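Colleague: To start, I am sharing the structure in question, which I have written as structure tokens.
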Amino acid sequence: MLTLSHLTRRYGSLTAVNDVSLRLPVGARHAVIGPNGAGKTTLLNLIAGTERPDGGTILLADPDRPGGSGQLGRAGRAGLTGRAGKAGGIDLTRTEAARRSRLGIARSYQQPTVITELTALDNAMLAGWRHHRAGWTAWRRPARRRQMRDIAMRRLEAVGLADQAEHPAGALSHGQRRMLDLAAALVGEPRLLLLDEPAAGLTDRDIGRLVDVLRDIPADVALLLVEHHIEVVTELADNVTVLASGSVLVSGGTQEALSDPEVREVYLDTVPTSVAESATGAGPANGADTPPSATERG
Ligand SMILES: Nc1ncnc2c1ncn2[C@@H]1O[C@H](COP(=O)(O)OP(=O)(O)OP(=O)(O)O)[C@@H](O)[C@H]1O
Numbered sequence: 006m007l008t009l010s011h012l013t014r015r016y017g018s019l020t021a022v023n024d025v026s027l028r029l030p031v032g033a034r035h036a037v038i039g040p041n042g043a044g045k046t047t048l049l050n051l052i053a054g055t056e057r058p059d060g061g062t063i064l065l066a067d068p069d070r071p072g073g074s075g076q077l078g079r080a081g082r083a084g085l086t087g088r089a090g091k092a093g094g095i096d097l098t099r100t101e102a103a104r105r106s107r108l109g110i111a112r113s114y115q116q117p118t119v120i121t122e123l124t125a126l127d128n129a130m131l132a133g134w135r136h137h138r139a140g141w142t143a144w145r146r147p148a149r150r151r152q153m154r155d156i157a158m159r160r161l162e163a164v165g166l167a168d169q170a171e172h173p174a175g176a177l178s179h180g181q182r183r184m185l186d187l188a189a190a191l192v193g194e195p196r197l198l199l200l201d202e203p204a205a206g207l208t209d210r211d212i213g214r215l216v217d218v219l220r221d222i223p224a225d226v227a228l229l230l231v232e233h234h235i236e237v238v239t240e241l242a243d244n245v246t247v248l249a250s251g252s253v254l255v256s257g258g259t260q261e262a263l264s265d266p267e268v269r270e271v272y273l274d275t276v277p278t279s280v281a282e283s284a285t286g287a288g289p290a291n292g293a294d295t296p297p298s299a300t301e302r303g
């Protein structure tokens, strides 16, 4: 559903993303990992459209075409067909972020982006409108507002925030804001969900809930996850791309990628040993000292 071809992004003399190519099928569960500064967030920014590449292309399967998947007719009805790509998809390379949202690309940020003065429910509903194919004008229709409110409430329930719905988002804990950010991203019923370190700063219990929530996202929604918690990656991702200095070091099946000696040297050996060993299935972490999985803990 998403094809990145030779994406490159430079900041002056620094190449933050260097010739990255990646194909995500419908319903992908794909993680991007790598050391600090490897270019993971920049890659998400390029896909979401908050930054533009210096080279390469981003192609999204057209939801109106057979095999394009996603919410039916979204692109066509919203007049968002964009430039046709070579493979018949929508060339998003120069498309603004708001249009990508309406085409079904949602994201969360490293720092949760809630509006503290608004209630949790209003935050979730606002995020939903951003993705609505009819745009903000749909807000004027009471029936649509009720429908959006129902969807937002269901997402808040899913992340355990139903009892906080009418409370200001500013009163929520860090973990609750992260969950609200996730619920908000899901309200728009995305085709592609980009998550930037969703487990950062969460307690073990919250990480367990996060994994449960992400396991429950619909099978046809593709998930692209940037995460340093390797156990969250092994719980959720079928495939992993490892970035180092902006370039793809390894890309493939999760266990295969995490077992790669170069990946261990460049990245996994720099994170706590028990976590790295549990990720690769090696060493004492498989025995009595094995840390419980995120789901077991949750
Ligand atoms: N707006 C910017 N201007 C200049 N340099 C930037 C900018 N954004 C990112 N960089 C640099 O690009 C490189 C990649 O940054 P990026 O945030 O994508 O890495 P990352 O893999 O997400 O790191 P982390 O795991 O620490 O979040 C880093 O060297 C960073 O300092």
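Numbering follows the working numbering, in which position 240 of the sequence shown is assigned residue number 245; successive positions increment by one, without gaps.
Note that beta-carbon positions come from the ideal geometry of N, C-alpha and C, so glycine has one too.
Model, not experiment: these values are computed from the prediction.
If you draw a straight line from the alpha carbon of N23 to that of V226, how long is it in whole angstroms?
Modeller: Roughly 27 Å separates the two Cα atoms.
Colleague: Using CA atoms only, rank isn't needed, just tell me which of T55, R135, I95 and P147 is closest to A102.
Modeller: It is T55.
Colleague: I'd like to confirm something about G206: is its beta-carbon nearer than 7 Å to some heavy atom of ligand 1, or not?
Modeller: It does not: the Cβ of G206 is nowhere closer than 7 Å to a heavy atom of ligand 1.
Colleague: Residues in its own chain within less than 6 Å of A21 by CB, not counting five upstream and five downstream?
Modeller: Once the five neighbours on either side are set aside, the close Cβ partners of A21 are R14, G44, T47 and G251.
Colleague: Rounded to a whole number of angstroms, what is the C-alpha to C-alpha distance between G61 and D96?
Modeller: One C-alpha to the other measures close to 11 Å.
Colleague: Is there at least one non-hydrogen atom of ligand 1 closer than 7 Å to the beta-carbon of G180?
Modeller: It does not: the Cβ of G180 is nowhere closer than 7 Å to a heavy atom of ligand 1.
Colleague: Measuring CB to CB, does V192 end up less than 8 Å from A129?
Modeller: Yes, the Cβ-Cβ distance between V192 and A129 is below 8 Å.
Colleague: Note the first and the last residue of the continuous beta strand (DSSP E) segment covering G133.
Modeller: First-last for G133: A125 to H136, but that is the alpha helix (DSSP H), not the beta strand (DSSP E).
Colleague: As a quick exercise: from P147, H136 and G39, pick the residue whose alpha carbon is nearest that of L198.
Modeller: Out of P147, H136 and G39, H136 has the C-alpha closest to the C-alpha of L198.
Colleague: Would the stretch 162 to 173 and the stretch 109 to 127 be scored as touching if the rule is three or more Cβ pairs under 8 Å?
Modeller: Yes: at least three Cβ pairs fall under 8 Å.
Colleague: Name the two residues that bound the continuous alpha helix (DSSP H) containing T259.
Modeller: First-last of the alpha helix (DSSP H) with T259: T259 to S264.
Colleague: If you draw a straight line from the C-alpha of A111 to the C-alpha of A53, how long is it?
Modeller: Whole-angstrom Cα-Cα distance: 7 Å.
Colleague: With the cut-off set at 8 Å, would you say V231 and E261 are in Cβ contact?
Modeller: Result no, Cβ atoms of V231 and E261 do not sit closer than 8 Å.
Colleague: Does DSSP put L48 in a helix, a strand or coil?
Modeller: L48 falls in the helix class under three-state DSSP.
Colleague: Does the distance from the CB of G32 to the CB of D67 come in under 8 Å?
Modeller: Cβ atoms of G32 and D67: not closer than 8 Å.
Colleague: Drop a sphere of 10 angstroms on the beta-carbon of E162, count the other beta-carbons inside from all chains shown, and report buried for 16 or more, exposed for fewer.
Modeller: So E162 ends up on the exposed side.
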